[in-house]
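With numbering that gives the first Met the number 0 applied, the sequence shown covers 0 to 330.
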Amino acid sequence: MASRLVGVALVAALATLQAPPAHAQRTLLVAEPTHGVGYLPLYVAIRNGYFAKDGLDVKVMTVDGGSTHTNAVLTGQAFAFIGGPEHNAYAKLKGGELRAVANVVDRGNVYFTARKGSEPKPGQERPAYFKGKSFAVGLYGGTPNSITRYLLKKWNLDARKDVTLIEMTTSAVLAAVKGGRAEIAVTSEPLLTQGVKNGLWGEPIINIPKELGPYAYSTLNVRLESIAKEPELVQKFVRGVVQGIKFTYADPEGAAAIAKKEFPTMPLDDLKATLDRTFADGLWSRDGMVSAESWNTGESVVLAAGILKKPVPYDDIIDMRFVRAVNAASN
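1. For Ala258, is the classification buried or exposed, using 16 other Cβ atoms within 10 angstroms of its Cβ as the cut-off for buried?
2. Reducing DSSP to helix, strand and coil, say where Gly82 ends up.
3. So Thr247 is in the alpha helix (DSSP H); what residue range does that whole segment cover?
4. Helix, strand or coil for Ile165 per DSSP?
5. Here's the rule I'm using: 16 or more other beta-carbon atoms within 10 Å means buried, otherwise exposed. How should Glu252 be labelled?
6. From the DSSP output, read off the bridge partner residues of Arg106.
7. Let's test the definition: count the other Cβ atoms within 10 Å of the Cβ of Asn155 and tell me whether it reaches 16, buried, or not, exposed.
8. Counting Cβ pairs closer than 8 Å, one from the stretch 124-139 and one from the stretch 273-286, do we hit at least three?
9. Per DSSP, Phe111 is paired with what?
10. Please name the residue, chosen from Arg238, Ala113, Asp53, Val103, that lies closest to Trp200 on a Cα-to-Cα basis.
11. So, under 8 Å CB-CB, Ala304 and Thr218 are touching, yes? Tell me the CB distance rounded to an integer number of Å.
12. Any idea what DSSP makes of Leu41, helix, strand or coil?
13. Closer than 8 Å by C-beta to Lys130: which residues in its own chain qualify, once you throw out the five before and the five after it? Chain order, please.
14. Taking one C-beta from the stretch 33-50 and one from the stretch 259-272 each time, how about it: are there three or more such pairs within less than 8 Å?
15. Is it true that the stretch 48-67 meets the stretch 234-246, where meeting means three or more beta-carbon pairs spaced less than 8 Å apart?
16. Any idea what DSSP makes of Asn220, helix, strand or coil?
17. Considering Cα atoms alone, identify which of Asn108, Gly116, Arg222 is closest to Tyr334.
18. Indicate whether Gly363 and Ala215 have their beta-carbon atoms separated by less than 9 Å.
19. Between Asp315 and the rest of its own chain, which residues show a CB-CB distance below 7 Å, the 5 nearest in sequence each way excluded?
20. Rank Ala324, Leu151, Ala254 by C-alpha distance to the C-alpha of Val233 and give the top, closest one.
21. Ser299 and Asp105 - do their beta-carbons sit closer together than 9 Å?
22. Distance, Cα to Cα, Met265 vs Val237?
23. Can you tell me where the alpha helix (DSSP H) with Val62 in it begins and where it stops?
24. 9 Å is my cut-off, CB to CB: does Ala51 come that close to chain B?
25. Using alpha carbons as the reference points, say which of Ile183, Leu211, Ala23 lies closest to Pro119.
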C-alpha cells in the first residue's frame, strides 16, 4: 500500500522529466516529508548551482505521510530522502539497505512550551511539574512524539498513566492550546513564534537542541545499491550538499534571501524568527558529518519510544566516506 501511495505522489514529478540527451545533466529526485526551513542547506545547494556544477539536476518532491519518503527511495522512485537515519534502521530490520551519506539537521528541532498560566514554578522539578499535564504533540512515529516519550521515560513518568498525550498534526497544536485542551505544546518554528505573538505561551520551557545536544535529526539517505554501483554519483551529490551547508553558515543573509524564495507565503517576521532560532541553537550540521554521538542520541530516543525494536549499529546505516572526502579536499 505504501509503495502504491508513493507512486501516486511521485508520478507527476517523474512524468515531467523527459528523456534527456546523452550530454544532459543527470536528474536526481530527493523526497522530503515536508517543505521546511530545517532543510534550507539543501535548497541553498540547488539554487546556488552547486549540484549543477557537477552535472546534476536535483529536484525536491514533498511526499506526505509516515515513511512515504523512505519508500520512495527503497522502490527506486527517488534517489535520496531527507529524514532521520532511524528510518534506515527500520528498513534494515525489514531487510532494506539504506545509508545516511550526509547530515543536515544535527539537533532535535523540538521545543516544549507551557500555556500561559501553566508555567513551572521556580525550582520545581520536572517530574513533579509534568505529572498530570496534557501535551499537544505530533502523531505517534514522528520525532517530536518520540522525543516526548523519551523524556517522560527519563523522568520516570508513564506516557499512558502519568500524563495525557493528545496526538495531532503539527498545524493543530496551536488550536489545542488555545482551546484549553492542552497545557504543554511540543512544537517548533514558525508555530513557536506564532504562539508567543498570540499570547498562548512564552519562550520554551525546554529547548531540545540544548537539552539533547548532537542528534542525527535529518540526514540525506540513499540506497546501499547506489553507493555500490554509482559511488561517483553519490560523491557529487554529497559535495553539493556540503557546499550548501557551508554557504548557509558563511552567508546567513544570502541563505535568508534563498529562504524567502523557498517560502514566499511565510510572513517575514515568522521566517526571521525561524532563522534566528535555527542559527542561535546551531540546528544545522556545520560539516555534513553524522557523529556516533548524534546517532546514539537518535537511537536512544526511538528505542525508548518503542518504535525501533532493537539497536542497529552505526556502520549498518551510516556511511560518511563521501563527506570525509569532500571535507579533506576543501582543507
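Just so you know, even glycine gets a beta-carbon here, dropped at the ideal spot from N, CA and C.
Remember, predicted model here, so these are calculated numbers, not experimental data.
On the basis of the data shown:
1. buried
2. strand
3. 230-249
4. Strand.
5. Label assigned to Glu252: exposed.
6. BP columns for Arg106 are empty, so no partner.
7. exposed
8. no
9. Val185, Ile205
10. Ala113
11. At roughly 19 Å, the Cβ-Cβ gap does not stay under 8 Å, so Ala304 and Thr218 are not in contact.
12. Here Leu41 sits in helix by DSSP.
13. Cβ contact annotation for Lys130 (same chain, cutoff 8 Å, sequence separation greater than five): Leu156, Asp161, Val162, in chain order.
14. yes
15. yes
16. strand
17. Residue 334 lies beyond the residue range present for the chain, which begins at 0 and ends at 330; the question has no answer from this structure.
18. Since the displayed the chain opens at 0 and closes at 330, residue 363 lies outside it and no answer follows.
19. Lys91
20. The shortest C-alpha separation from Val233 is found at Ala324.
21. No; because the gap between Cβ atoms is not below 9 Å, this pair is not in contact.
22. Looking at the two C-alpha atoms, the distance is approximately 29 Å.
23. Neither: Val62 is in no alpha helix (DSSP H) and is coded neither H nor E.
24. Annotation note: the requested chain B is absent from the structure, which comprises a single protein chain.
25. Ile183
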